[in-house]
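Chains as they are written, first to last, in this note's numbering: chain A, 1 to 306; chain B, 1 to 306; chain C, 1 to 306; chain D, 1 to 306. Just so it is clear, CB atoms sit at the ideal spot from N, CA and C, and this is done for glycine as well. One structure is given here, and the rest of the page talks about it.
4 protein chains.
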Amino acid sequence: MENEEKLEQIKVASLDEILGKKFPVLDDGFVRVVDYMGTDESIVQAARVSYGKGTKKVTEDRGLIRYLLRNRHTTPFEMCEIKLHVRVPMDAWRQWIRHRTANVNEYSTRYSLAIDSSQRTSDSEWRMQSKDNKQGSEGFFPVEIGGKLTEREQEFQNFAREIYQERLNLGVAREQARKDLPLSTYTEAYWKIDLHNLLNFLALRMDAHAQFEIRSYATTIGNEIVSRWCPVAWEAFKDYRMNSMELTSMEVEVMKKMLAGKQEETLAAAEKFGWLRKVDGKLAGNRERIEFEEKLTRLGLVAPWK
Amino acid sequence: MENEEKLEQIKVASLDEILGKKFPVLDDGFVRVVDYMGTDESIVQAARVSYGKGTKKVTEDRGLIRYLLRNRHTTPFEMCEIKLHVRVPMDAWRQWIRHRTANVNEYSTRYSLAIDSSQRTSDSEWRMQSKDNKQGSEGFFPVEIGGKLTEREQEFQNFAREIYQERLNLGVAREQARKDLPLSTYTEAYWKIDLHNLLNFLALRMDAHAQFEIRSYATTIGNEIVSRWCPVAWEAFKDYRMNSMELTSMEVEVMKKMLAGKQEETLAAAEKFGWLRKVDGKLAGNRERIEFEEKLTRLGLVAPWK
Amino acid sequence: MENEEKLEQIKVASLDEILGKKFPVLDDGFVRVVDYMGTDESIVQAARVSYGKGTKKVTEDRGLIRYLLRNRHTTPFEMCEIKLHVRVPMDAWRQWIRHRTANVNEYSTRYSLAIDSSQRTSDSEWRMQSKDNKQGSEGFFPVEIGGKLTEREQEFQNFAREIYQERLNLGVAREQARKDLPLSTYTEAYWKIDLHNLLNFLALRMDAHAQFEIRSYATTIGNEIVSRWCPVAWEAFKDYRMNSMELTSMEVEVMKKMLAGKQEETLAAAEKFGWLRKVDGKLAGNRERIEFEEKLTRLGLVAPWK
Amino acid sequence: MENEEKLEQIKVASLDEILGKKFPVLDDGFVRVVDYMGTDESIVQAARVSYGKGTKKVTEDRGLIRYLLRNRHTTPFEMCEIKLHVRVPMDAWRQWIRHRTANVNEYSTRYSLAIDSSQRTSDSEWRMQSKDNKQGSEGFFPVEIGGKLTEREQEFQNFAREIYQERLNLGVAREQARKDLPLSTYTEAYWKIDLHNLLNFLALRMDAHAQFEIRSYATTIGNEIVSRWCPVAWEAFKDYRMNSMELTSMEVEVMKKMLAGKQEETLAAAEKFGWLRKVDGKLAGNRERIEFEEKLTRLGLVAPWK
C-alpha cells in the first residue's frame, strides 16, 4: 500500500458518454445515470488493500476481478457506487423497493401532484396466465382480445385520473386524493446502490422468472449501464453467475452414477430422492427432476428415465 | 456474566394475552402479534453482557433501561424482536416499507388473487389540503361534500374490481391483471423487526406530521402492543423521545439572552439568524422562528417580538 | 390466510433441551443459545402469507422449505431469529463481526476488566503456512517444535497480563490499559441473527477455506444448534448449498464437449479460456482449471489433458 | 423534474485539493479521501426529486439543506458517498467497525504480514481512570510515571514483534502467527459510507464521551474532510445536532414551573422524578438531575435546589 498513491477518480469514458441519457423502458419509463463512483479499477484497489500490495498489470487486474467474483469475495465490489434516476410504474416499484440495501428518494405524491402518466398495455402485450407456473405468464393474447383489454384499461385509467382531479379541484388533501391511484401510475426516484448489491438485484431481476416489467428495467441497467461502467466485472458476472449452473448434492450423486454408466444405480438414486413417483403409470410432475433434466439437456445429456 | 444463567424465555403475561388478537385499524385493516422474543429483561441482560455483571434488582433494571434509552445506547434494544401480521392499504404500505431494517413477507398478487377489499373513506373522513403544510391535511369536509366523494370512490372501486375480474376471467396472467389495482387495495404481510428499529418507526410514524393512515397503525402498535411487551422501555421512549424537546444551538443562544432579560441582545440574535425578516411591515413566515415560538409556549414563555 | 389462526409459539423440544447449555469451542470458548423465535414451521407460515394459503400437511411443509431454499427465496428464512451467547478470541471475533446483518452486544473492556483468559495453542496445534494458498495453513508442526512455540506463547501471554495488571494497579484508565491486549484474549458477546443470514454466515465460515478457529464455532452452531432448531431447513441447506456444485459457463461449455466425446474441441475450448498455458513444457498452475478438475473428480471424470 | 438535466458531477474544489492527502492521526495513523460522490448540491437534487421541482437559487438550497437536517429527513443525505483510506490501531478499529452501515475492505493479516507498527503512548499521554465515569478517563499521569509506562510498553511491544517474527521464521501460518498481536497494532482499511451514516458516526464518535483515540479520527474526518466536502450540511449538522440541547419531558415540566417562578411546585416535580433523594442530609448523586443542572447552566439558569 506504501506506493499506492494513485487515486480512484478515473472516469469511465464509455459511461461518461451516456451520463444523464435516458434509456427508455416500457411505454413511458426510463433509467438514467446521475452519478457514479469507482470503476473496475476500484475493485482491484480495494482487493489490494486486503492483500497489501500495489497495483499491477491490466491483465492481472482482470484475473483478480474474475477471481473475486467467482469466489464470492463480495466486499471489493461494494466499493463502486452508482446513482440512477428511474421512472417506473408503482407496480414494478413495489418489487424494486424490496431490495433493502439501496438509498432511495422517491417522488412524493403527498407533497406534489401525482405524475400524469400510467403504464399502458398495448393490444399485443397482454399475457396469458401460465399453467405450470402459478406466478408466471405464458404467451400473448391475439390482438383482437388484446385490443379490447387495452380499450377497457384506457377507459379505467381515464376514470382514475378524473376522480383524482375531482378531488384536487374540491381541495381534498393530496395525501388522501391519491389513495385510489392505479398501480400502473408512474413514479420516479433516485436510486443509489453499490455494485455488489446491484449485481444481486440484477441476478434476481434479469432472471427469466422475473416479471417482464421489472426485468425490462434490470436488463437495461445491466446491458446498457453496468456493461459500460465496469465491463470486466460485468463479464465475470455473466460467466460466473448469470450463466453458471448449480448442481445440488442429489444431482451430483445421480449424475456421477449416470456418467459411470450404472443405469440401475442411477434410477435407484433418483427413486430414493422421490423424482420418479408415478401417477397412472406416468412420471408425476416433480420440480427437482424437471430442473435436473433441463441441466442435463444443457450438458447434452438425456436422463435414463426418459 | 459468570452467574448469569437465567435464560430469557420469560414470557410477558400481558402480551401473551393478546397474542394473535387482531387490533382493527382503519375500515378493514388490522395488526396482530404473531410471535416475539425477549422482554424488558432482555434489554437489561444484553446491557449487562457489556458491563460484565449479573442481574440485579428490579428497580435498578428500570433505571438501567431508562439510562440506556436516554443516552441512545441502542444495541440492547435490538435484542428484542417482534413479528406482526398486518393488513394495510397498499398506499400506506408504500410508506411503511421504506423502513429497511425489517424482515418482510408480503402477500403476493402475482401468485394469488388480490385481496378483495379496498380502504373506503366514509363521508366524514375526507380531509382538506393544509394551506401551511404542503404535505399535510387540515380539517374535514362537511358530510354533504364527503358523501359525494365517498359515492364516487365507491363507483370507482367497483369499476376497478370489475376490470380486474374481467381480466382474470379472460385468462390474463395475475401478475399483469393486477397492474391497475388502486392503491387503496388492502395487502397483508408478516413484518418482523427489533425493538430499537421499531421505536424509530414509531417515533416517525406516531408523530403528528405523519399521515393519518400510517399513524393509525403506528399508534395501535405502540399503545396496544409495545406498551404490553416492554412496558419499561415504552415509558422511557415516551419520556425521553416522544415528549422531549430539542433546542437547536440558535435557540439555546436566543433563549439564554431572553432568560437573562437582555431584550436587545435577544432581538439582535434572532435578527442575525434571519428570524425577523419583515414583509410589508409584518414578520414574514419563518419556520425556525415559528418552531421556536412553539417551544417557548410549551415552556410558558413568550417571544419578545410577539 | 383466513383460517390461519395458529400461532407460532411452538417450541422445539430438541432445542429447548439444550437451551443455555454451553457447547465448548477451542480451549476456553463456547456457544450457547439464549433465546430463539420461530421454527421450521414459521418458514412455512411466512411463505404461505405470500401465497395466501393456510397450512397443509407436514410432508408438503418439508417440500416447501426445500423448494424455498433451493430457489433462494430468502425472506421466509428471515422470519426465524436466534440469540447466542458466545465466548471467542478477539482474533476470530474480528472476522465474525464483519457479518453486518446481526445484532451485537459485546463485553466492554472499556467499562470492565478484560476477561482473564487467552486462547492457548497446545504443542500439537501449530499449523504450517500453506504453500499453494497464501491465506491458508497446511499440516502441523511436530510437537517438539510445537512445544517450544507453546512455551514462548505462554511466556508472552503472561507478560501481556502482567503489563495490563500493572497499568490497572497504577490507576491507568481501563480504556487505555487494554490497548496492548493480545488478539488471543477472549471476549464475550450476545449475537442475534435471523436464520437466512445465519445460513450465509455458516456457508462462509463452515467452508474448508475458513480459518480453523472461526470454522470451529460455525461448525458447532450448525451441527449442534441449527440442526436441532430448524432440522428441515438445515437438511435443505446441506443438500442445496453446502454440498452443491457450481459450474461456471466455461465449465459447462468444456464439459459438454467432453461428454460428447469431442476431445479436440474440448481442448480447444480449455485453451481458449487460458487453462492450458504451459511453462517449460508443463501445464502452468491455473486456478480455474484446477477447480474444474476437482469438480470432474467429484463426478468421477478425468480431464482429457491429464 | 422535467427540466432537471444538470448532472451531479460537480466536483468540490476544496475537497479535490486534499484528495489523497494523508491527515495524520495519533502517532502513526492517518485518514485520507480516496474518492467521493456528490456534494451539498446532490442533497438538494435528491430532495427535489421528492418534491418534484427543479433547482433554485443558492440561498434556497442552503435553507433546504438546513430544513432537511433539522427535521431529520435523512434520505437526501444518503445520496452523498465518500471513500476513505484509514490507518488505525486495531483497538480503535474494534469500535469503528461496529457501525454496520458502511462498506469495508481491511488489510488482511491472514494473507499478508501484519503492519509493522503499533500505537505508542508517549510519557505525557497516559490517562487516569475516571472516578465518576466507569468507562472514561480523567487527567494525565505525571511524566515520571508516564515515562515508566511508556518504557514498559515499548519492552512489551518489542517482545510481541519478536514472537510474531519467530513464528513466521519457523513457517507458522500467518493466520495463526498473528494470534497474539497486541490491539495497539495498526491496521488499514478502505471505508466507504454515505453522508447520513457518516454524520451518525461523527455524532457518536466526536462526542466528549467517545474514547480519545477514535474521537481523534472522527474529529479529523469532520473538521478536515466533511467541512470541505459538504460545507452547508456540515454547518447544519453542528447547529442542529452537535450543539443542540435535548430536554426530556421531565426537564420540560420542571423548567416550566421554574420559569414561572413557582419554587415549591418545581421542587415537588423534581422530587417526584426522584432527583432530590438525600443521603446523610446531602443530595445524592443522580444522573438525570446532574444532566439537567448542566443544561440549566448552559441557559444561564441555576436550579432552585442548589
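Discussion item. Does alanine 177 of chain B pass the burial test, meaning 16 or more other C-beta atoms within 10 Å, or should it be called exposed?
Written reply: buried
Worksheet item: Short check: CB of serine 42 of chain A to CB of tyrosine 107 of chain D, under 8 Å?
Response: no
Item to complete: For leucine 15 of chain D, I'd like the list of residues in its chain whose CB is within less than 6 Å of its CB, leaving aside the five on either flank, ordered along the chain.
Response: Arg228 and Trp229
Worksheet item: Distance, Cα to Cα, arginine 62 of chain C vs valine 232 of chain C?
Response: Their Cα atoms are separated by approximately 6 Å.
Discussion item. Cutting at 6 Å between CB atoms, please list the residues of its own chain near arginine 143 of chain B, excluding the five before and the five after it.
Written reply: Note on identity: in this sequence residue 143 of chain B is valine, with arginine being the wrong assignment. For valine 143 of chain B, where only same-chain residues beyond five positions count, the Cβ hits under 6 Å are Asp123 and Ser124.
Worksheet entry | Secondary structure of glutamine 176 of chain A, DSSP reduced to three states | Correct three-state label for glutamine 176 of chain A: helix.
Worksheet item: Which of helix, strand or coil does DSSP assign to glutamate 17 of chain B?
Response: coil
Discussion item. Could you pull the DSSP bridge partners for lysine 192 of chain C from this structure?
Written reply: C:Lys83 and C:Asn103
Discussion item. Run through chain D and tell me which residues come within less than 9 Å of proline 24 of chain A, C-beta to C-beta.
Written reply: Within 9 Å Cβ-Cβ: nothing; proline 24 of chain A doesn't reach chain D, min ~16 Å.
Item to complete: Count the other CB atoms, across all protein chains shown, that sit within 10 Å of the CB of aspartate 194 of chain A; report buried if there are 16 or more and exposed otherwise.
Response: Under the 10 Å beta carbon count, aspartate 194 of chain A is surrounded by 16 or more other beta carbons and is classified as buried.
Discussion item. Using a Cβ-Cβ cutoff of 7 Å, what residues of the region 246-275 of chain A are near chain C? List them in chain order.
Written reply: Glu246, Leu247, Thr248, Ser249, Met250, Val252, Met255, Lys256, Leu259 and Ala260
Worksheet entry | Bridge partners - lysine 282 of chain D, DSSP secondary structure assignment | D:Val279
Discussion item. If you reduce the DSSP assignment to three classes, tell me which class threonine 220 of chain A lands in.
Written reply: helix
Discussion item. Is it buried or exposed, glycine 261 of chain C, if we count other Cβ atoms within 10 angstroms and call 16 or more buried?
Written reply: exposed
Worksheet item: Are the beta-carbon atoms of glutamine 129 of chain C and serine 118 of chain C separated by less than 8 Å?
Response: No, Cβ-Cβ distance for glutamine 129 of chain C and serine 118 of chain C is not below 8 Å.
Practice prompt. Specify, as a first and last residue, the run of the alpha helix (DSSP H) that phenylalanine 292 of chain C falls within.
Written response: That run of the alpha helix (DSSP H) goes 287-298.
Worksheet item: Quick one: any contact between the region 22-31 of chain D and the region 236-244 of chain D, if contact means 3 or more CB pairs under 8 Å?
Response: no
Worksheet item: Can you tell me the Cα-Cα spacing of cysteine 80 of chain C and methionine 37 of chain C, whole angstroms?
Response: Annotation: cysteine 80 of chain C to methionine 37 of chain C spans about 6 Å, alpha carbon to alpha carbon.
Item to complete: Verify the CB distance criterion: does glycine 171 of chain C have a CB-CB separation below 8 Å to chain D?
Response: yes
Worksheet entry | arginine 87 of chain D versus glutamine 95 of chain D - alpha carbon distance | Arginine 87 of chain D and glutamine 95 of chain D have their alpha carbons spaced roughly 14 Å apart.
Worksheet item: To the nearest whole angstrom, what separates the beta carbons of glycine 267 of chain C and proline 304 of chain C, a pair I think is in contact under 8 Å?
Response: For the sequence presented, residue 267 of chain C should be read as leucine rather than glycine. The pair is a contact, with the Cβ atoms about 6 Å apart (cut-off 8 Å).
Discussion item. Please list, in chain order, the chain F residues whose beta carbon lies closer than 9 Å to that of valine 49 of chain C.
Written reply: As a matter of chain content, chain F is missing from the structure shown, whose protein chains are A, B, C and D.
Discussion item. Count Cβ pairs between the region 97-115 of chain A and the region 67-74 of chain B that sit closer than 8 Å; are there 3 or more?
Written reply: no
Worksheet item: Helix, strand or coil: which one does DSSP assign to valine 12 of chain D?
Response: coil
Item to complete: Please check if any C-beta of chain D sits within less than 8 Å of the C-beta of aspartate 35 of chain C.
Response: no
Worksheet item: Between the C-alpha atoms of tyrosine 111 of chain A and isoleucine 82 of chain B, what's the straight-line distance to the nearest angstrom?
Response: 32 Å
Item to complete: Select from the region 68-79 of chain C all residues with a C-beta closer than 7 Å to any C-beta belonging to chain B, and list them in chain order.
Response: Thr75, Pro76, Glu78 and Met79
Discussion item. So, at 7 Å on beta carbons, what are the nonlocal neighbours of tryptophan 93 of chain D in its own chain, with the 5 sequence-adjacent residues on each side left out?
Written reply: Once the five neighbours on either side are set aside, the close Cβ partners of tryptophan 93 of chain D are Thr187.
Practice prompt. Using three-state DSSP, classify valine 48 of chain B as helix, strand or coil.
Written response: Before going further, note that residue 48 of chain B is arginine rather than valine in the sequence given. Residue state, collapsed to three classes: helix.
Discussion item. Can you check which of these residues, C:Arg298, C:Ala189 and C:Asn200, is closest to lysine 257 of chain A by C-alpha distance?
Written reply: For lysine 257 of chain A, the closest C-alpha among the options C:Arg298, C:Ala189 and C:Asn200 is that of C:Arg298.
Discussion item. Just to make sure I have the definition right: I need the residues of chain C whose C-beta is within less than 7 Å of the C-beta of leucine 301 of chain A. Which are they?
Written reply: Leu259
Worksheet item: What does proline 182 of chain B touch in chain A if you count any residue whose Cβ is under 9 Å from its own?
Response: Ala160, Lys179, Asp180, Leu181, Pro182 and Leu183
Discussion item. For glycine 275 of chain A and glutamate 288 of chain A, I'd like the C-alpha separation in whole angstroms.
Written reply: For the record, residue 275 of chain A in the displayed sequence is tryptophan; it is not glycine. Cα to Cα, the separation comes out at about 7 Å.
Discussion item. Any contact between the region 213-229 of chain C and the region 147-159 of chain C? By contact I mean 3 or more CB pairs, one from each, below 8 Å.
Written reply: Contact between the region 213-229 of chain C and the region 147-159 of chain C is absent, because fewer than three Cβ pairs lie under 8 Å.
Worksheet item: Just how far apart, CA to CA, sit glutamate 246 of chain A and aspartate 132 of chain D?
Response: If I take the Cα positions, the gap works out to 60 Å.
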